[in-house]
Structures are given as C-alpha cells and as structure tokens.
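Throughout the sequence shown, residue numbering follows our numbering, covering 4 to 321 in sequence. We put the beta carbon where it would ideally sit given N, CA and C, even for glycine. Quick notes on the structure that follows.
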Amino acid sequence: MTKIKITAILPAYNEEVSIGSIVISTLKYVDNVFVIDDGSADNTSEIAKLAGAEVINHPFNIGKGAALKTGFEAAKSSDIIITIDSDGQHNPKEIPKLVTPIINDEADMVNGSRYINGDKKDTPSYRRIGQTVLDKATNLNGDLNITDSQSGFRAFARHTIPAFRFSCASFGIESEMLMDAANAGLRVKEVEISVRYDVDGSTKNPVTHGVGVLMRVINDLEFQRPLYYFTLPGVIIIITGVILGLMFFGDYLGGGSRSLLPTVLAIIATLAGGFLAFTGIILDSIARMINHVVNNPTYTFPTDASSNSQFKFKQRGK
4 MTKIKITAIL
14 PAYNEEVSIG
24 SIVISTLKYV
34 DNVFVIDDGS
44 ADNTSEIAKL
54 AGAEVINHPF
64 NIGKGAALKT
74 GFEAAKSSDI
84 IITIDSDGQH
94 NPKEIPKLVT
104 PIINDEADMV
114 NGSRYINGDK
124 KDTPSYRRIG
134 QTVLDKATNL
144 NGDLNITDSQ
154 SGFRAFARHT
164 IPAFRFSCAS
174 FGIESEMLMD
184 AANAGLRVKE
194 VEISVRYDVD
204 GSTKNPVTHG
214 VGVLMRVIND
224 LEFQRPLYYF
234 TLPGVIIIIT
244 GVILGLMFFG
254 DYLGGGSRSL
264 LPTVLAIIAT
274 LAGGFLAFTG
284 IILDSIARMI
294 NHVVNNPTYT
304 FPTDASSNSQ
314 FKFKQRGK
C-alpha cells in the first residue's frame with residue numbers, strides 16, 4: 004500500500020500565543036505543516052519555525068482567503084490537505100476524523116462541523132444567530148445541506164484543488180469554497196468536531212465580519228442562482244402589480260377614484276417585474292452554459308494513477 008501524504012495549512016495573523024502548540028500538536032497527525040503568516044506584526048513566524056513548521060510570509064496582511072490560496076499552492080503535491088485555524092479553537096487530535104472519509108473514497112472534501120447534531124447551546128448567542136443566517140445563505144447558493152458553513156477545519160483530496168477560485172481574499176472564503184465544491188460536483192461530507200471559544204483571539208469585529216461574508220454570498224448568489232436573485236422577486240412583483248392594477252382600475256370604473264395614476268403605477272411595477280424575471284432567466288441560461296463549459300472541457304487529461312491507490316493512515320509517533 005502507498006502511504007498517504009498529508010499536509011496541514013495554518014493561516015495565521017498575529018497568533019504568537021497559540022501557533023507553537025498548534026503546530027506541534029498538528030505534526031503528530033500529518034507529514035508537514037505550512038504556516039502562512041499573513042503579515043503578522045508579532046513573532047508568529049519565528050515561533051512557528053521553531054515548532055517545526057514551514058513558514059511562508061505575506062509582506063502585509065491580505066486576508067485568510069489569500070493565505071489559503073498560498074497554502075494550497077505550496078501543498079499541491081500532497082494527497083490530502085488539512086486546513087485548521089491557528090488560534091487554538093480546533094483540536095488536531097480530530098484530524099483522523101476528517102481524513103478517513105477521503106481515504107475510504109467516501110468524500111472529496113470533508114467539513115468539520117460544530118453543529119452536525121443541531122446543538123448550538125454552547126455557541127455564543129451572537130455567533131448562533133449569524134451562523135444560522137450564513138448557513139442558510141450558503142446552502143441556498145450551493146444547493147447544499149451544510150450545518151457549519153464557516154468552519155475552518157476541513158480536509159481536501161488533492162484532485163479538488165482546481166475547483167477552488169480563491170477569489171475572496173478575506174471575507175467569505177469558507178462559504179466560497181463550499182459553493183465551488185458544489186458547482187464542481189464534489190462529494191462533500193461533514194464530521195463532528197469540537198471547538199473552544201475561550202481561546203478566540205480574533206481581532207475581527209464579528210458583526211462586520213458576518214455582514215461581509217453575507218454580502219459576498221449574496222454577490223455569488225446573483226451569478227450562481229439568478230433565478231432566486233432576479234426571477235423570483237420579479238414574479239412576486241408581477242403578481243402584486245397585476246392584483247393592485249385590477250383593484251385600482253375596478254375602483255376607477257366604479258367611480259370610487261377619479262385618477263388613473265395608481266393603475267398606471269401598478270402597470271409600471273408589473274412591467275418592471277417582468278423585466279427583472281426575464282433578466283434572471285437570461286442570466287441563468289448564461290450561468291448554465293458557463294458551468295457546462297467548465298465541467299465539460301474539450302480535452303481531458305489523464306489523472307495521476309496514484310490517486311486511485313488505497314492509502315493507509317497512520318498516526319505519527321505511535
């Protein structure tokens with residue numbers, strides 16, 4: 004049997020307090036660790052190197068999405084890539100949970116979920132509300148059924164790398180990767196993970212971050228699901244305009260109103276709704292054609308034969 008090569012990617016920004024212990028713990032379960040220092044102003048890079056990680060430095064802070072893009076490029080020769088946050092929220096001991104479905108050919112991508120059993124009672128209330136909104140928006144956009152769309156603890160098979168755009172430098176990269184996986188037809192599975200909130204040292208404002216992610220998902224929805232974004236509201240406006248138009252016109256004929264202005268406004272609203280609905284249909288056709296071209300290239304290339312090999316996972320140091 005061919006031994007599987009596992010690489011972990013840790014995006015990091017000013018994480019000198021936690022990065023050392025996370026790298027040491029993660030190295031027990033993977034072959035190597037890449038820490039992508041996204042412009043830290045502290046000693047994150049130095050501590051990560053001392054702990055045994057390979058460090059790649061960004062000259063300034065770009066964002067988590069950019070750090071993941073750098074990490075995936077560095078780890079592209081690995082059979083499985085793990086992403087794990089560097090703030091200590093995730094437990095590296097759970098890495099085997101994430102890689103096992105890929106090794107057993109049950110999934111192409113594995114998402115670590117805090118809420119797979121629907122229990123969010125340990126989650127701070129502000130996170131719980133925001134998480135629910137982002138999960139719903141991401142699932143609608145990608146036609147998915149994910150319980151934790153913002154999880155940073157994930158596993159990816161090597162062949163999935165070309166599916167990801169990494170167009171989000173910061174906000175929304177977790178949702179974008181799920182939507183990209185869905186659009187590429189990848190098999191996405193969730194496994195239960197634990198999380199610690201008492202070590203959250205994030206400097207991001209949760210409200211600003213949540214709104215940024217939601218706006219990014221909505222922007223993607225505009226392109227990926229134009230029927231939801233344009234056509235559905237258009238149809239609702241058409242129905243409302245027709246009903247109101249008939250009511251106003253009937254009132255005018257019955258002598259209850261001396262002005263046709265409400266009827267004219269209802270007609271204008273109906274026409275606007277028709278334009279919106281038609282726009283959605285056209286954009287949906289364009290999106291389908293683009294997806295068809297992307298997913299059905301004219302030329303195909305043979306994949307690495309080793310990708311079909313059976314791998315054996317073994318915890319290092321055991």
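Please name the residue in G257, G42 and F159 whose C-alpha comes closest to that of G66.
With distances taken between Cα atoms, G66 lies closest to G42.
Among residues of its own chain, excluding the 5 on either side of G320, which ones have a beta-carbon nearer than 6 Å to its beta-carbon?
A caution first: G320 carries a pLDDT of 49, below 50, which makes its placement in the model too unreliable to give a value.
Under the DSSP definition of a beta bridge, which residues are partnered with I9?
Paired residue(s): I83.
Starting from the C-beta of I284, find all residues in its chain whose C-beta is less than 7 Å away, skip the five residues before and the five after it, and write them out in chain order.
Only T234 meet the Cβ criterion.
Exposed or buried, which one is K6 when buried takes at least 16 other CB atoms within 10 Å?
It counts as exposed.
May I ask you to verify whether the stretch 61 to 78 touches the stretch 153 to 169, counting CB pairs closer than 8 Å and requiring at least 3?
The answer is yes - the stretch 153 to 169 touches the stretch 61 to 78, with three or more Cβ pairs under 8 Å.
Taking just the CA atoms, how far does A78 sit from T273?
Their backbone Cα atoms lie some 53 Å apart in a straight line.
With D151 and Y118 assumed to form a contact (beta carbons below 8 Å), what rounded beta-carbon distance in angstroms separates them?
About 5 Å separates the two Cβ atoms, so the contact holds.
What distance in whole Å lies between the Cβ atoms of M250 and A184, which are believed to be in contact at a cut-off of 8 Å?
Wrong, their Cβ atoms sit about 48 Å apart, outside the cutoff.
In chain order, what residues of the same chain have a beta carbon less than 7 Å from the beta carbon of V58, not counting five sequence neighbours either side?
Hits under 7 Å: V38, D40, S48, A51 and K52.
Is the separation between the beta-carbon of S28 and that of N94 shorter than 9 Å?
It is a contact, given that the beta carbons lie within the stated cut-off.
Quick check: A110 and A160, are their CB atoms within less than 9 Å of each other?
Cβ distance < 9 Å, so A110 and A160 count as in contact.
Tell me which same chain residues have a C-beta within less than 7 Å of the C-beta of L264, skipping the five on either side of it?
Hits under 7 Å: none found.
R157: buried (16+ other C-beta within 10 angstroms of its C-beta) or exposed?
R157 should be labelled buried.
If you drop the 5 nearest sequence neighbours on each side, which residues of the same chain put their C-beta closer than 7 Å to that of E177?
Cβ within range, chain order: S152, Q153, S154 and G155.
Check this for me: beta carbons of L181 and I149, under 9 Å apart or not?
Yes, the pair counts as a contact, with Cβ atoms nearer than the cut-off.
Once the 5 residues before and after N60 are set aside, which same chain residues still bring their CB inside 7 Å of it?
Taken in chain order, the residues that qualify are D40 and S48.
Does DSSP put S170 in a helix, a strand or coil?
Looking at S170 - three-state DSSP - the assignment turns out to be coil, as it is neither helix nor strand.
Who does E193 pair with in a DSSP beta bridge?
According to DSSP, which records beta bridges pairwise, E193 is partnered with N114.
Identify the continuous alpha helix (DSSP H) that holds V26 and give its terminal residues.
V26 -> alpha helix (DSSP H) spans I22 to T29.
Measure the Cβ-Cβ separation of G91 and S24 and say whether it is below 9 Å.
Closer than 9 Å, so yes.
Which of the three DSSP states, helix, strand or coil, is assigned to N144?
Of the three classes helix, strand and coil, the one that applies to N144 here is helix, per DSSP.
When you compare the CB positions of I246 and G276, do they come within less than 9 Å of one another, or not?
Taking 9 Å as the Cβ cut-off, I246 and G276 do not qualify as a contacting pair.
Candidates E179, Q134 and K96: which alpha carbon is nearest N144's?
Taking only the C-alpha atoms, the option nearest N144 is E179.
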